[in-house]
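**Student:** Residue numbers (the numbering used here): 46 to 82.
For glycine and all other residues, C-beta sits at the position ideal for the given N, C-alpha and C.
Structure follows, in structure tokens:
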């Protein structure tokens with residue numbers, strides 16, 4: 046079951062990185078939109 050735990054940790058880490066990217070890009074787009082108007 047060690048492999049399963051490793052895989053779960055890897056998926057969680059990838060998810061965390063993806064969410065961080067989404068939040069950063071989303072806030073960047075919000076700044077761009079507010080700058081245009």
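Cα separation between residue 49 and residue 77?
**Tutor:** Near 42 Å, if we compare the C-alpha coordinates of residue 77 and residue 49.
**Student:** Whole angstroms is fine: what's the gap from residue 66's alpha carbon to residue 72's?
**Tutor:** Taking the straight line from one Cα to the other gives about 10 Å.
**Student:** Note down the Cα distance separating residue 23 from residue 54, rounded to an integer number of angstroms.
**Tutor:** The structure shown has nothing for residue 23, since the chain only spans 46 to 82.
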